[in-house]
Amino acid sequence: AVVSTQSTGGMETRTPDTFHLDVLRETRKFNRCLENRPFRHCCFTNDHSLRLRVALGIYICYAKDWAEVFKENLLVLTMEEYHDKPVKTLLKVYNHIGLYEPNLDDLVDFLQTAKTQNSNLDRKGQFGPMLEETKQLLDDFYKPYNAALSEFFGDSKFLFM
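So in our numbering, the last one in the sequence shown is 268, and the numbering has no gaps at all.
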């Protein structure tokens with residue numbers, strides 16, 4: 108979630124270096140929150156967040172609530188699943204919600220001709236690449252939460268995030 112915030116956070120002058128400093132500051136503030144407050148409090152409050160929303164990427168915090176409310180009606184997919192195998196993923200969604208399977212030729216045609224609606228892709232290039240040390244910092248920060256998410260759902264696909 109934070110990775111995309113670099114390109115969507117409205118900070119037109121943010122550079123890879125300033126983004127790194129913001130990530131460092133925000134992850135430290137989140138961890139300090141955990142020293143005095145319950146995990147859920149730190150996920151749902153923005154007391155520790157200035158410009159980034161690091162807690163949005165801690166999916167386990169929200170997934171437990173969703174699983175409690177939606178139970179077996181919850182289908183969790185990754186963006187990578189959809190990008191890598193859109194037809195298979197959409198068929199999985201159709202099946203999960205009880206819809207009839209669409210005509211595969213029509214579905215493939217739709218996927219090939221539909222325009223992707225993501226205006227943030229146009230802005231992404233203006234910030235430059237993320238520093239390797241920022242990526243490592245984010246990987247280290249999210250790793251235990253992704254491991255908990257993987258364990259909660261019994262699915263290793265969340266370990267790569």
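Backbone N, C-alpha and C fix where the C-beta goes; we use that ideal spot for every residue, glycine too. Here the structure is a predicted model, which means the values were calculated and not measured.
Between the CA atoms of residue j and residue i - distance to the nearest angstrom
i	j	result
Leu214	Lys192	12 Å
Asn202	Leu128	44 Å
Arg132	Cys168	21 Å
His93	Glu142	Outside the shown range of the chain (108 to 268) lies residue 93, about which nothing can therefore be said.
Lys195	Ile165	27 Å
Leu266	Pro145	24 Å
Cys140	Cys149	6 Å
Tyr249	Gln219	34 Å
Asp247	Leu198	34 Å
Trp173	Ala255	15 Å
Phe126	Val183	29 Å
Glu239	Ile204	40 Å
Ser114	Arg121	In this prediction, Ser114 scores a pLDDT of 44, lower than 50, which makes its location untrustworthy; the coordinate-derived value is nonetheless stated afterwards. Each residue's alpha carbon lies about 9 Å from the other.
Asp216	Glu188	19 Å
Pro251	Leu163	15 Å
Residue i burial status per 10 Å Cβ neighbour count (16 or more: buried)
i	result
Asp262	exposed
Ala221	exposed
Leu181	exposed
Tyr207	exposed
Leu211	exposed
Arg147	exposed
Sub-8 Å separation of residue i and residue j beta-carbons
i	j	result
Thr152	Leu244	no
Phe259	Lys171	yes
Val176	Phe137	no
Val200	Leu159	no
Pro236	Pro123	yes
Whole-number beta carbon distance between residue j and residue i, since they are thought to touch under 8 Å
i	j	result
Thr185	Lys242	Not a contact, Cβ separation roughly 18 Å.
Closer than 7 Å: residue i CB and nearest the ligand PLP heavy atom
i	result
Phe267	The model on display carries no ligand, and the ligand PLP is accordingly not part of it.
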